[in-house]
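Heads up: the sequence lines are chains A and B, in that order. Take the first sequence: its position 75, counting from 1, is numbered 64 in the numbering used here, and each next residue is one higher. Quick note, the numbering used here runs 292 ahead of the 1-based positions in the second sequence. No residue lacks a Cβ here, since even glycine has one placed at the ideal position from N, Cα and C. Being a predicted model, the structure only gives us computed values, none of them experimental. Reading through the structure tokens given below for one structure.
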Amino acid sequence: MTTTLGARPAPGRGRARARHRLTVLAFTAPAVLGFVLFFGYPLVATVVFSFTRYDLINPPELTGLANYEFMFKDPLLVKAITNTLWFVVVLTLARTAFALGVASVIARLKSGVGLIRTLCYLPSLAPPVAATLVFFMVLRPNGGPVDSFLGWFGVDSPLWFSDPAWAKPGITAIMLWISGDLMIIILAAILDVPQEQYEAAELDGAGPVRRWWHVTLPTISPVLLFGVVNSVILALQLFTQAVVAGSAGSGAADATGSTKYLGFPDNSTLTFPVYLYAQGFRYFDMGYAAAMATLLFVISFGVTILLVQRMRKNSSAEEGGPGA
Amino acid sequence: MTATLTKPPSDIPTEPENPRRGRTKGAFLHWVATHALGLALGLMFATPVVFVFLTAVMPDDQAFTSDLWPREWHWENFVEVFDQAPLFRYLVNSLTYSLLATGGMLLSSIPAAYALAKLRWRGRNLAFLLVIGAMMLPPQVVAVPLYDTWSSLGLTGTLWPLIVPYFLFDAFSIFLLRQFMLTIPQSYVDAARVDGCSEFQAMVRIVVPMAKPGIAATALFCFLFTWNDYFGPLLYTGEVKDQWTLSLALATFKGMHIVQWNSSMAVTFLTMVPAVVLFVFAQKSFVKGITFTGVKG
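And the structure:
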């Protein structure tokens, strides 16, 4: 497989090799330029900015480790890290388990698969801002649909996006509603499980539940790992839903300029990226924002390494070669 | 129609019939139970949007009550919201961003993906790892220096800082296209080379036509990602109202029309329409593309 991949000019033919190099360069030049401009340079610059005080107007001023030292004295940063960690744990587990559950049900259907799969997948295409407002409306405590529904059972609806204890679960509910992409990925993996394995398990007397536990789950475990890593990355980046839930919950009239609603209620939706945005682009403390960005980079880089290792293992097992 | 289009291919395994049990009452009950559960799930996902729609068509004085069903159907609510905010302007901005970005992405990402999938060169694996790294990077990490640069170029307050990068580099699209191109047998490309095609000709005449479904999926994802984008437009155009995209405007609309649930839900509903329309017309591409990001990833 590896040997047939790509045009390799025969050794010794210098001109052909030079031509080949030129071809590769021509195909990749825009991407290389783009990578350097929009990832390479800003990554280095972020680290440099993180050692300065910079407000975008006056030239940056070197302050050494001051920004990093301030991190330890900043209660809001602690709050933001705690909030993001909450999402990393709860959202990751909930999203992976929920997508697995829904996919497992769809995989067992014999008719109406297409319709139900479409219904489950479509919300994930909605703009995150719209999805957040959808839930803001559906969950509103004064006569919203969920409130009315709970009312039939005599249960009082939580205040959701106005209550610090319920804002994060509310956002998690939004994220589950739009987790259709992960469902489709897991569903495809479940449908790929070789039928003989089920038959063998059935001959051994395993019922549907045990077949699911002993055959389906182990076989799709690489995809579940992908789901976990993908969800962790999603949780680390959580921004839009948190900002919109905060602004809708606080009833703020202005999406820009005002910082009051960021993190509303009581900083419970102040995730790490939201706080980074507030420091950098509302208070124009670019140096401190850059220090936070550096921290975020280190963490997400670690997660990415995890994913790449998984892919390497996977592709060398499947294709025995040139994959990732 | 939806059902026939997404019907899984016939090689997908179905539950084996147990010869000992046969078609008994138990099997029938099992069928009913699974399908009831499946139907409940489908309804659970659909109902939030149904409520949004029902609220959107309610008369003003009913929309903030606990009624679930509209007393009268005010279809004109969908039109009137265009008077309450310059939605048409925001729509044009959103389309400008999404269409130019998708076009630019196709120009820049197809050759890059071809180089990663079909050409052999030193550093190719490293380059692919860098693409994945860029794909995973939270956009907030690089926001400070990029904003600084665009601001010194005087381009903040416009959509250009969002559009221009797509003409050079879009990590997710390169990744997805490369995954698709890997599935095209190398022998086709080799045959084209033997016939005297240049690499460019091999790409344009052989690989691009064969990768059409993959290219369509990538373009759809790119369009929807930019259409749904909130952080980018907020960062660069937040202060300049007439440059807002629909997503950005929608976040504000709720705040400005806090009592009028029908108006804000009408706008919410309208912003979700393009995704649904795209999906109806291109379901296969969506499902294929999604599967490719995960399984082959």
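Item                                                                                                                                   : Value
Beta-carbon proximity of residue 109 of chain A to residue 60 of chain A, cut-off 8 Å                                                  : no
Proximity test, Cβ basis, 8 Å: residue 552 of chain B and chain A                                                                      : no
Residues of its chain near residue 53 of chain A, where Cβ-Cβ distance is below 7 Å and the 5 sequence neighbours each way are ignored : 40
Any alpha helix (DSSP H) of 4 or more consecutive residues that is wholly inside the segment 469 to 523 of chain B                     : 478 to 486, 504 to 520
Nearest neighbour of residue 450 of chain B, chosen from B:339, B:326, B:325, B:527 [CA to CA]                                         : B:527
Inter-residue spacing [alpha-carbon to alpha-carbon] between residue 373 of chain B and residue 558 of chain B                         : 7 Å
Neighbourhood of residue 364 of chain B by C-beta, 6 Å cutoff - its chain only, sequence neighbours within 5 removed                   : 351
Anticipated Cβ contact below 8 Å, residue 385 of chain B with residue 536 of chain B, distance rounded                                 : 6 Å
Amino acids of chain A, ordered along the chain, whose beta-carbon sits closer than 7 Å to that of residue 520 of chain B              : 116, 117
Under 8 Å between C-beta atoms of residue 229 of chain A and residue 458 of chain B                                                    : no
Run of the alpha helix (DSSP H) containing residue 428 of chain B, from where it starts to where it stops                              : 416 to 428
Stretch pair the segment 84 to 92 of chain A + the segment 163 to 179 of chain A: three plus CB contacts closer than 8 Å               : yes
Nearest to residue 513 of chain B (by Cα), restricted to the options B:544, B:571, B:562, B:530                                        : B:571
Rounded straight-line distance, which links the Cα of residue 297 of chain A to that of residue 205 of chain A                         : 24 Å
The segment 12 to 24 of chain A: positions lying closer than 7 Å to chain B by Cβ                                                      : 12, 13, 16, 17, 19, 20, 22, 23, 24
Bridge partners - residue 293 of chain A, DSSP secondary structure assignment                                                          : Paired residue(s): none; residue 293 of chain A is not in a bridge.
Contact set for residue 256 of chain A: own chain, Cβ-Cβ below 6 Å, skip 5 residues either direction                                   : 68
Backbone secondary structure at residue 531 of chain B - three-state DSSP                                                              : coil
Where residue 150 of chain A meets chain B, residues with beta-carbon distance less than 7 Å                                           : None at all; the shortest Cβ gap to chain B is about 11 Å.
With 16 other Cβ atoms within 10 Å as the buried cut-off, status of residue 313 of chain B                                             : Summary for residue 313 of chain B: the model assigns pLDDT 49, below 50, so the residue's position carries little reliability; its value from the coordinates is reported in the next sentence. Exposed, since its Cβ has fewer than 16 Cβ neighbours within 10 Å.
Reduced DSSP secondary structure (H/G/I, E/B, other) of residue 314 of chain A                                                         : Nothing can be reported for residue 314 of chain A: it is not among the residues displayed for chain A, which extend from -10 to 313.
Residue 538 of chain B classed as buried or exposed, judged by whether at least 16 other C-beta atoms fall within 10 angstroms         : buried
Which of helix, strand or coil DSSP assigns to residue 313 of chain B                                                                  : Its pLDDT being 49, under 50, residue 313 of chain B is placed unreliably in this model, and the value from its coordinates should be taken loosely. Reduced to three states, the DSSP call for residue 313 of chain B is coil.
Under 7 Å (Cβ pairs) to chain A, residues found in the segment 410 to 434 of chain B                                                   : 410, 411, 412, 413, 420, 421, 422, 424, 425, 426, 428, 429, 430, 432, 433, 434
Separation of residue 95 of chain A from residue 106 of chain A, as counted between CA atoms                                           : 7 Å
Short CB-CB distance (under 8 Å) between residue 213 of chain A and chain B                                                            : no
Given residue 556 of chain B as reference, the closest of A:226, A:176, A:120 once Cα atoms are compared                               : A:120
CA nearest to the CA of residue 340 of chain B, picked from A:73, A:62, A:126                                                          : A:126
C-alpha distance - residue -9 of chain A paired with residue 496 of chain B, whole-angstrom precision                                  : Confidence is the limiting factor: at residue -9 of chain A the pLDDT is only 41, short of 50, which leaves the residue's position unreliable, though a coordinate-based value still follows. Roughly 24 Å between the two C-alpha positions.
Buried versus exposed, by CB contacts within 10 Å (16 or more), residue 212 of chain A                                                 : buried
Residues that residue 466 of chain B contacts on chain A, provided the C-beta gap is smaller than 9 Å                                  : 20
Paired residues, beta bridge with residue 185 of chain A - DSSP                                                                        : Per DSSP, none; premise fails for residue 185 of chain A.
Pairwise C-alpha distance: residue 227 of chain A and residue 298 of chain B                                                           : Per-residue confidence for residue 298 of chain B stands at a pLDDT of 41, beneath the threshold of 50, marking its modelled position as unreliable; no derived number is given.
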